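Read the structure below first, then the notes.
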Amino acid sequence: MDGKGDAFIIDRELDVRDMQVQETVERIKRALSGVRPDGYMLVYISDYSAIEDIAQAVLEKQAIVESVLKKNENDWILMVKNAVPVAQAG
């Protein structure tokens, strides 16, 4: 990587720290509607064990958790990409 094309356009940021997993998942799914195709949303969470549930939920909306970054000892940042569906080869 040369660093020239490594920019991310963040369409939305969502802080769901200290929320229950189900509420977190629902808020993230609703927030994805405001993210353009191939755009990113940063999600701030405090429950590391919720990442798997979040990843499954965003996949239902054709999005992916592209990166998980540790912000500090208690918080993580998820980079969620609103993925463009790829046509399957015939």
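Sequential numbering of the sequence shown, starting at 0, is according to numbering that gives the first Met the number 0. Beta carbons: idealized from backbone N, C-alpha and C, even for Gly. As the structure is a prediction and not an experimental result, all values here were calculated from the model.
So, residue i versus residue j, is the Cβ gap smaller than 8 Å?
i	j	result
ARG16	ALA30	no
TYR39	LYS70	no
ALA56	ILE76	no
ILE9	LEU41	yes
VAL83	ASP37	yes
For residue i, which of helix, strand or coil comes out of DSSP?
i	result
GLY65	According to the sequence provided, residue 65 is Glu. The question's Gly does not apply to it. Correct three-state label for GLU65: strand.
GLN19	coil
GLU72	coil
LYS60	coil
ARG26	helix
ALA54	helix
MET0	Caution applies to MET0, whose pLDDT of 46 falls short of 50 and renders its modelled position unreliable; the value that the coordinates give is listed next. Coil, per DSSP.
ALA6	coil
Would you list the one or two residues that DSSP bridges to residue i?
i	result
ARG11	MET40
MET78	LEU41, SER66
The ligand ATP and residue i: does the residue's C-beta get closer than 7 Å to at least one heavy atom of that ligand?
i	result
LEU31	Of the ligands one can find in the structure shown there are none, so the ligand ATP has no counterpart to examine.
Please report the distance separating the alpha-carbon of residue i from that of residue j.
i	j	result
TYR47	SER32	24 Å
GLN21	TYR43	15 Å
SER66	ALA54	11 Å
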